[in-house]
Amino acid sequence: MTYKILFAIPQQARFLSPISRALDELNYHVVHFDYLKPDFISSGLGMSKNILSSIRQMSNLYINWINDQLLLKIKQTHPHYFLTIKGETILPSTIKAINSLGIPTINWFPDNIGLWNFLITTAPYYQYYFSVCKHLTQVLNKIGRKTIYLPVAGEADTNFKVNYKNFDVVFVGHKTQRRIKYFSALKDYNFSLWGYSNWKNSPLMHFYNGELDQQQMKQVFRKSKIVINVSTGEEGIPVVIANLRNFESTGVGAFVLSEYNVALSQLFTENIEMVYFKSIVEMISKVDYFLKHEDLRNRIAYSGWLKTKNHHTYHDRIKKMFHYIG
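Take the sequence shown: its position 125, counting from 1, is numbered 125 in our numbering, and each next residue is one higher.
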């Protein structure tokens, strides 16, 4: 029997394609629903890159309309499961209505505890709640919202290939003060960064190269000696999460030098599949060392790629999700 899943996710979300492919590989029939309707919103409301900020601009009437459309889609398609990633516009009343139809509701929450007010409003209503953050998982379980830890994943290249390296040290991601502090120590290196245009208004503006789509980002990673990863570092929020960039970069065979955290170290073995640092001084020391040791860099890159390919794919994660659901 082929089970049908209504997958509620914005059209522009980076999780859309890999999760849909994984569901298809596992023989689920996927029906999509865009809970932001981006084409309409972008022209009518001036959609920004910060989705939650944009949602605050929406009228209650429009959000209610989105939820009415979702329930209509549910009644038209009769899915066996309802799955969303975060689900910013989906109201508790809508989740309850789907539950009442006997359809299991699932949320795979891809963020940390920084969105706490949103979490406590919606999380209790889902039948199954999965989190990519260990700290958030612990906190939600502590207050009685049973939550399963399920890290994000990557899509691995079919084969490992050592590409010609155009770049020494690269970073792709959004600007935070913590990242500015760390990356300012790389000013004397051949350092390149990409991300949202607000990097232009930072001390690192001369290292900024613009925005990248998903495929362009992967090409940059393939052609870089070191992909560096520093957590966003929101004040007061423990870093106990393996962010998406770790899997995207290892998946294409890049050598990753990442800021250490416990959750990440449990997924990639230190100095075998990934290299970690715990301070700016250690980061600089390891950048120096690995720029000079190509063979070791390539061996670690290969092991990181192999780990992602064999254990950290969306196919693996979705399989574990539905094994738990039963």
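Glycine residues also receive a C-beta, built at the ideal position from the N, C-alpha and C atoms.
If you're wondering where the values come from, they're calculated on a predicted model, not measured in any experiment.
C-beta contact flag for residue i and residue j at 7 Å
i: Val275; j: Val240; result: no
i: Thr147; j: Tyr128; result: no
i: Ala254; j: Phe221; result: yes
i: Ser249; j: Val230; result: no
i: Pro92; j: Thr122; result: yes
i: Gly87; j: Gly154; result: no
i: Thr84; j: Ile95; result: no
i: Lys286; j: Leu257; result: yes
i: Val170; j: Ser184; result: no
i: Ile66; j: Ile98; result: no
i: Leu136; j: Ile103; result: no
i: Ala8; j: Tyr35; result: yes
i: Thr308; j: Ala156; result: yes
i: Ala22; j: His315; result: yes
i: Asn107; j: Tyr81; result: no
Integer Cβ distance of residue i from residue j, believed to fall under 8 Å
i: Thr77; j: Val31; result: 5 Å
i: Leu204; j: Val172; result: 13 Å between Cβ atoms; not a contact.
i: Lys223; j: Tyr164; result: 7 Å
i: Leu291; j: Lys200; result: The Cβ separation is near 27 Å, so there is no contact.
i: Ile180; j: Ser197; result: With 8 Å as the limit, Ile180 and Ser197 do not qualify as a contact, their Cβ atoms being about 15 Å apart.
i: Ile318; j: Ile19; result: 7 Å
Residue i burial status per 10 Å Cβ neighbour count (16 or more: buried)
i: Lys320; result: exposed
i: Leu70; result: buried
i: Asp39; result: Per-residue confidence for Asp39 stands at a pLDDT of 41, beneath the threshold of 50, marking its modelled position as unreliable; the derived number appears in the next sentence. Asp39 comes out exposed.
i: Pro151; result: buried
i: His312; result: buried
i: Ile120; result: exposed
i: Asn246; result: buried
i: Tyr3; result: exposed
i: Arg299; result: exposed
i: Leu6; result: buried
i: Glu294; result: exposed
i: Glu273; result: buried
i: Met283; result: buried
Residue i - DSSP class collapsed to helix/strand/coil
i: Val252; result: coil
i: Ser303; result: helix
i: Leu257; result: strand
i: Val170; result: strand
i: Ser42; result: Bear in mind that a pLDDT of 37 at Ser42, under 50, signals an unreliable position, so the model cannot answer this.
i: Met1; result: coil
i: Glu25; result: helix
i: Asp91; result: The sequence as given places Leu at residue 91; Asp does not occur at that position. In the structure shown, Leu91 sits in coil (DSSP, three-state: anything other than H, G, I, E or B).
i: Ser224; result: strand
i: Val262; result: helix
i: Gly210; result: coil
i: Ser48; result: Any reading at Ser48 must be qualified, since the residue scores a pLDDT of 39, below 50, and its modelled position is unreliable; the value itself is stated next. Of the three classes helix, strand and coil, the one that applies to Ser48 here is coil, per DSSP.
i: Asn107; result: strand
i: Ile120; result: helix
i: Asn159; result: coil
i: Tyr125; result: helix
i: Arg56; result: Any reading at Arg56 is ruled out, since the residue's pLDDT is 49, under 50, leaving its predicted position unreliable.
i: Phe191; result: strand
Within-7 Å CB hit, residue i to chain C
i: Ile226; result: Chain labels in this structure do not include chain C; a single protein chain is all it has.
Those residues which DSSP pairs with residue i across a bridge
i: His32; result: Phe7
i: Met274; result: Glu270
i: Ser131; result: Phe109, Tyr149
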